[in-house]
Amino acid sequence: MTAPTSLKTPRGGAGLEGGRRTVTDEGKAARRRSVSASTLMTILFLAIIVLVLIPLWAIFVGTFQDGNMIIRNGLNLGIDFSQAGLQNYVMLFTDSGSYFRWFLNSTLVTLVQVVLTLAISSFVAYGFAMYEFRFKNTLFISVILLMSVPFEMLMLPLYIQINDMHLQDTYVAVIVPFLAHAVTIMFFRQYLRGIPKEIVEAGRIDGVTEYGIFFRLILPIAKPAFAAMAILNAMGSWNNFLWPLLALRSPENYTLPIGLNTLMTPYGNNYELLIVGSFFSMLPIFALFLAFQRFFIEGMTAGAVKG
68 MTAPTSLKTP RGGAGLEGGR RTVTDEGKAA RRRSVSASTL MTILFLAIIV
118 LVLIPLWAIF VGTFQDGNMI IRNGLNLGID FSQAGLQNYV MLFTDSGSYF
168 RWFLNSTLVT LVQVVLTLAI SSFVAYGFAM YEFRFKNTLF ISVILLMSVP
218 FEMLMLPLYI QINDMHLQDT YVAVIVPFLA HAVTIMFFRQ YLRGIPKEIV
268 EAGRIDGVTE YGIFFRLILP IAKPAFAAMA ILNAMGSWNN FLWPLLALRS
318 PENYTLPIGL NTLMTPYGNN YELLIVGSFF SMLPIFALFL AFQRFFIEGM
368 TAGAVKG
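68 is the number of the first residue of the sequence shown in our numbering; add one for each residue after it.
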């Protein structure tokens with residue numbers, strides 16, 4: 068008596084082995100695709116980093132060159148040590164005594180503007196996110212529409228207003244028009260809508276005041292959003308050129324971008340001082356970003372998905 072053919076042939080074992088082989092091959096192929104994608108992304112990011120760093124390196128090299136050489140040859144990436152020197156740094160920090168004053172003016176304006184903008188914008192956004200009141204949607208649409216209005220259209224009315232209020236050549240005129248920032252309000256509102264309202268209700272049940280709820284319960288949760296907006300608003304305030312140029316008159320009140328612009332005159336452009344001053348003007352923003360980099364990324368990603 069012979070056994071059935073199906074029992075002699077280990078079809079099930081062969082199929083299982085073939086299945087394992089197929090799964091193993093698919094796993095190896097998936098790993099190869101993952102490694103290839105990771106390598107491609109690494110190369111892409113390295114290329115972007117190089118493209119970003121090349122202009123910064125060219126500016127850094129230019130700080131050691133003579134102004135006439137910069138005009139004649141332009142910026143380059145190599146340092147000619149036979150002609151390079153620190154004379155530009157010495158001239159800017161000693162002969163041009165106004166540089167540190169402009170730097171301090173920009174620091175003061177940026178610090179005050181960022182603190183007040185974050186405070187006012189977060190309060191407004193908290194109202195839009197957590198409270199219900201009449202015309203709420205209409206007011207928020209007005210805020211969004213304000214984002215579409217270019218600042219150049221608002222300059223003339225603002226200029227007339229600060230003239231009527233006798234605020235020209237003051238830092239109040241530079242700071243106040245930007246305190247209620249539409250983009251900052253919208254970002255905070257989207258971020259705060261992701262926080263459960265039960266937290267607010269629990270605070271009210273415990274007898275915490277409305278201000279207490281904001282400062283003791285909401286503020287610690289929204290730290291990443293504050294860090295992200297602090298960096299973006301600081302960058303905008305530090306580099307603001309057009310409005311301070313209209314609002315300020317006295318050289319001793321100039322902010323850094325306006326002060327550096329005065330180095331370019333009809334009688335000669337001090338490119339050697341301008342390039343050193345511009346290079347050092349970038350450092351505070353770099354330092355701020357590096358200090359809050361982790362919060363910045365967390366706040367931007369959270370603000371992008373919540374709402």
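No residue lacks a Cβ here, since even glycine has one placed at the ideal position from N, Cα and C.
In the DSSP assignment, TYR193 falls within the unbroken alpha helix (DSSP H) covering 165-197. Two segments are said to touch when three or more pairs of C-beta atoms, one from each, lie closer than 8 Å; by this definition the segment 251-266 touches the segment 189-199. The C-alpha of ALA104 is placed about 10 Å away from the C-alpha of LEU111.
DSSP, read as helix, strand or coil, puts THR332 in strand. Burial is judged here by how many other beta carbons sit within 10 angstroms of a residue's own beta carbon; ALA114 has fewer than 16 and is exposed. Taking the CA atoms as reference points, LEU315 sits about 46 Å from GLY270. LEU323 places its beta carbon less than 8 Å from that of SER173. Counting only runs of 4+ residues, the alpha helix (DSSP H) found wholly inside the segment 86-155 occupies 134-140, in chain order. Under the three-state reduction of DSSP output, LEU246 falls in the coil class, being neither helix nor strand. Comparing C-alpha distances from VAL191 to each of MET158, LEU246, MET108, THR106 shows the shortest one belongs to LEU246. Taking 8 Å as the cut-off, the Cβ atoms of LEU350 and ASN155 do not count as close. Per DSSP, the unbroken alpha helix (DSSP H) holding ILE229 starts and ends at 218-231. Distance from the CA of PRO291 to the CA of ILE272, rounded to the nearest whole angstrom, comes to 27 Å. A distance below 8 Å separates the beta carbons of GLY134 and ASN337.
Segment contact: the segment 204-219 against the segment 271-285, fewer than three CB-CB distances shorter than 8 Å; contact not assigned.
Note on MET220: under 16 other CB atoms within 10 angstroms of its CB, so exposed under the neighbour-count rule. Taking C-alpha positions only, LYS203 is separated from VAL267 by approximately 19 Å. Note on geometry: alpha-carbon atoms of VAL117 and ILE137 lie some 22 Å from one another. Our two residues, THR184 and THR91, have alpha carbons roughly 57 Å apart in a direct line.
In the three-state DSSP reduction, ARG283 falls in the helix class (H, G or I). In summary, ALA186 is exposed, with fewer than 16 beta-carbon neighbours lying within 10 Å of its beta-carbon over all protein chains present. A direct Cα-Cα distance of roughly 30 Å separates GLY261 from VAL243. Using a 10 angstroms sphere on the CB of GLN360, the tally of other CB atoms stays under 16, which defines it as exposed.
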